[in-house]
Every structure is written in structure tokens, then in C-alpha cells.
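First comes the structure, then the notes that go with it.
There are 2 protein chains.
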Amino acid sequence: MESSSARSGGSTRREATRQKLYEAAVTLIAEQGFSATTVDEIAERAGVAKGTVYYNFASKSVLFEELLRHGVGLLTASLKEAAEETAREGGSKVDALDAMVRAGLVFIDRYPAFTQLYVAELWRTNRAWQSTLMVVRQEAVAVVEGVLREGVAAGEFSAEIDVQLTAAALVGMVLVAALDWQSFQPERSLDDVHAALSRLLQGRVSGKG
Amino acid sequence: MESSSARSGGSTRREATRQKLYEAAVTLIAEQGFSATTVDEIAERAGVAKGTVYYNFASKSVLFEELLRHGVGLLTASLKEAAEETAREGGSKVDALDAMVRAGLVFIDRYPAFTQLYVAELWRTNRAWQSTLMVVRQEAVAVVEGVLREGVAAGEFSAEIDVQLTAAALVGMVLVAALDWQSFQPERSLDDVHAALSRLLQGRVSGKG
DNA sequence: GTTTTTGAACTGACTGGTCAGTGCAAAAAT
DNA sequence: ATTTTTGCACTGACCAGTCAGTTCAAAAAC
């Protein structure tokens, strides 16, 4: 018989197990890389048996892919939210960029391991999950590109900026500054880091200030 | 006899073999990661026997570490050269930064695989070669920090900029923009990319332009 | 004649993935 | 109300294959 013990989209127990596996995998892979991390390690850290990993995910690669989707989904939602709230409050496009910079920093602060792992894999070639990686990357970068384009359309940004390259550069600015912050100056506050990046974003570097 | 022909370190033949191994390892590891790359693969791509790898390097890790040192050494030299030439020509510190941005782009354009590999490893923790990684990172970033500090001292940059964070952000800007360029818009010219980054660096984004 | 390279065989530890079986809470049957 | 059945979620020993690193005699390069 169809037991139907938990009709609403998968049992709670299973979802909890998957979450534990995500959390175990993300830190281990961030530290060691995908290949150097064994399924046994992931299972052990998650506190489940190895078979459970394969009960919940078709393979180690699939676990990783779903982890990527899950994580970037959170980031993209956060960036959109930041941009939309700024718009709602009548802020300029620079304000929107600034809010997104902060949202990015908050995300990296909350999920540093995921960020490390993502950066480490993003530009590799010939990997099984490359298409997944590109899709989720595009989702996130598109939010930044959108704000830049709107800014150009509204005359707030120079029409001569290269939207794609500028978006990539902004993402890189935040990414590397934040990872450096985490790795080498963890005592600094998020506001400190945000202030430094705002200054750079708004071109307030040159001049006596 | 230790003939005059090879003062710096070892025979020419041996050095050539090591160079071939570097080149083979750098592309393979950039594509697949360190752990997923086998010594047999490296030897095969380099066109030497496996025994030769172990005759020239104590282990796979040591080969990788020396590769890191070698590569970042080239980058650091190139950055210094760019900064010094700008100074020699009487350029401003912004000019020096701009020249270093270009030098970074040229480097990434010439050694994309090395750059990928380096970025993928830089923020990992608990790895055998972590101290090597940090040392060489610091050598490179210090060049940027130095120019920023001189700019502050000379009153060209605001005294309120955070040198460390700004340097990291600038490096990130170039790194990510360049890797994106390589990966997703390889048809663009170096000058194009450089122009986009210059604009951002000099705060010529806002405004009708 | 010394240094460097070759190449193939070998070892021993490790790994992704499998699978027969267990535990258990809810459903069905009595 | 009690017993029986169902099937989901999980378990962990096991397997077949892989890989870093070793060894070494012989050849090649210098």
C-alpha cells in the first residue's frame, strides 16, 4: 500500500539528513577540495552511515551539484532582495550596488566555506558539474548586470561602461576582499570591510579625503 | 666537472625536464585539481617516464609547491617591473596602479592555467602547502600595498583608505574580471578589458561620461 | 665515467559505490 | 485493542579498482 506517511513533499527525516550531509560536505570540500574529500569522511562528519549518502544522493558528484545549486540560490535571493529594497526606498543605483556589496559580504560572512568551495571550482574546465556551475553563476551575476544596465539607462552610469566586465570586476572585488578578510584579518568588522569597498566603488580613493 | 654553463642550480638538461613537468602539471591541475591529477598523467603529458618525476621531485606535493613558487615569482617580478617603470617615467601612483592592472592582465593572459590553479588553492585551509601559498601571496600583494601606501604618503590617495583591504579588492577585481574574460568572452582584447578596469579604478563609472 | 632518464613491475593503502539486511512508525487486518 | 504487514530510511561490511610512491637494471646523454 502507499504508506503516505508524509505526503507533503518528502519526509522531514530525509530532509534533515540531507541538510546534515550538505553541512558536512561543504566544510570538508572547502578545506580539501572535491577529490580529496571522501564519502566516508562526509558520512562520518554528518553522523550517518555511508550507505545513507547513497540513499539520498545518486553519487558524490550529484551531492556536490545539489549543494552548489542550494548555496548559490541563497546568494542570488539575497542579492535580489537587497536591490529591490533599495529600489523600494527610492535609492539610486549606486545605493543599490552598495546594498548588494553588503549583501554579498553578509553572505560570505555567514557561509565562508561555501564561498571558498565555489571560488575554487568556478573556473575549472572539463568537470562533470560545469554546466551547473555556469548556470548558477549567471543567475547571480545577472542581478548585478541588471542594476548596472538600469543605471546606464537612467543616465546615472556612463554609457561607456562595459556591463559584463564591470559586473565581474565588482563581484571579484567583493569576493576577494571578503575572503582575505576572513582568512587574514578575521577580527575586522563587516562594517569596516563594507566601508573600504564602498569607498572604492564610489571612486573616493584619489584625493586628500 | 661543474662547468661554467650552469651556475644557477643544476644542469640544463635537468632544468628542461623540470620545466616540462611544470607545464604538464599546471594545466592538468588547473583542470582537475591537485588530488584528481595523477602522477602518471603528469609524466605522460610531459613525455617522460614516471621514474623521472620522482628523480626530479621528492613527491607530488613538492612538485606542486615548487610550481607555486615558480609561478608567483614571475607575477611578482612583473608587478614590480610595472610599478618601477611607471615611477621611472614620472607617472602618478594611479598610473602605477593602472600599469600593475595591465601587468596582471598580461600575466593571466599568458598563464591562465596557473592563475586558475592558484585561485583554487589560495583560500583553502589545512593543506600541506599552505605556508608556501601564504608567503608567495604576501609577496605579490605587498607590491600593490606598497604603491597604495606611497600614494597615501604623497597625498595622492585619501589617508582614510584601508591599504590592506583596498589592495585585496584591487587584486580581486583584476583576477575575477580576467578569469571571466578568459572563460566567457575570450574574443575580447586585452585592451578592452584593461579599459573597463581602468574606468572602475579611476571612479569614472558614475556620471554621463 | 658520471649523471640523468627509462620503463615496467610491485606494494599497500585507500576509495567510490553496492547490497543484503535492520529498525521502526504508521497502516491494515484481525 | 492487538497483531501483522508495509515500506521508507538507514546501516556497514564488502568489492573491485585506483593511485602515490618504490625499486632497479639497463640505456642514454653528457
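First to last, the sequence lines map onto chains S and G.
When you line the first sequence up against UniProt numbering, it's residues 1 to 209, in that order.
When you line the second sequence up against UniProt numbering, it's residues 1 to 209, in that order.
Virtual Cβ for every residue (Gly too), placed ideally from N, Cα, C.
Item                                                                                                                                       : Value
Continuous alpha helix (DSSP H) assignments of at least 4 residues falling wholly in the UniProt domain "HTH tetR-type" (15-75) of chain S : 39-46 and 50-56
Chain G contacts made by the region 24-54 of chain S, where a contact means CB separation under 8 Å                                        : Ala30, Glu31, Gln32, Gly33, Phe34, Ser35 and Ala36
9 Å Cβ cutoff, serine 59/G in contact with chain S                                                                                         : no
Residues, ordered as in the chain, of the region 122-146 of chain S that lie near chain G by beta-carbon distance below 7 Å                : Trp123, Arg124, Thr125 and Asn126
Whether alanine 36/S touches phenylalanine 34/G by CB criterion (9 Å)                                                                      : yes
Residues of its chain near valine 72/G, where Cβ-Cβ distance is below 8 Å and the 5 sequence neighbours each way are ignored               : Tyr118, Val136, Arg137, Glu139 and Ala140
Span of the alpha helix (DSSP H), counted from its first residue to its last, around phenylalanine 184/S                                   : 163-184
Endpoints, the alpha helix (DSSP H) within which phenylalanine 157/S is located                                                            : Per DSSP, phenylalanine 157/S belongs to no alpha helix (DSSP H) and is neither H nor E.
Cutoff 9 Å: glutamate 187/G Cβ touching any chain S Cβ                                                                                     : no
CB contact check: alanine 79/S to chain G, cutoff 9 Å                                                                                      : The amino acid at residue 79/S is misidentified as alanine; the sequence shows leucine. Chain G contact via Cβ: absent.
Supposed close pair leucine 179/G, valine 101/G - CB separation, criterion 8 Å                                                             : Leucine 179/G to valine 101/G, Cβ: 14 Å. No contact.
Burial state of tyrosine 22/G (16 or more Cβ within 10 Å)                                                                                  : buried
Whole-angstrom distance between valine 163/S and lysine 20/G, CA atom to CA atom                                                           : 39 Å
Local Cβ density within 10 Å of glycine 155/G, reported as buried at 16 or more and exposed below that                                     : exposed
For serine 198/G, the three-state DSSP class (helix, strand or coil)                                                                       : helix
Within chain G, the residues that isoleucine 161/S reaches when beta carbons sit closer than 9 Å                                           : Ala196, Arg199, Leu200, Arg204, Val205 and Gly209
Three-way DSSP call (helix, strand, coil) for serine 206/G in this model                                                                   : strand
Cβ neighbour criterion (16 or more within 10 Å) applied to arginine 14/S                                                                   : exposed
Cβ neighbour criterion (16 or more within 10 Å) applied to valine 62/G                                                                     : exposed
Start and end residues, alpha helix (DSSP H) containing glycine 104/G                                                                      : 93-110
Test item: CB-CB of valine 48/S and threonine 17/S under 9 Å                                                                               : yes
Proximal residues of chain G, C-beta to C-beta of threonine 166/S below 9 Å                                                                : Ala177, Ala196, Leu197, Arg199, Leu200 and Val205
Local Cβ density within 10 Å of glutamine 130/G, reported as buried at 16 or more and exposed below that                                   : exposed
9 Å Cβ cutoff, serine 114/G in contact with chain S                                                                                        : Rather than serine, the amino acid found at residue 114/G in this sequence is phenylalanine. Cβ-Cβ to chain S under 9 Å: no for phenylalanine 114/G.
Beta carbon of aspartate 192/S nearer than 9 Å to that of leucine 190/G                                                                    : no
Interface residues of the region 67-99 of chain G facing chain S [CB-CB below 7 Å]                                                         : Val94
Chain-ordered chain S contacts of valine 62/G [CB-CB under 7 Å]                                                                            : The premise fails here: valine 62/G is roughly 17 Å from chain S at the closest Cβ pair, so nothing lies under 7 Å.
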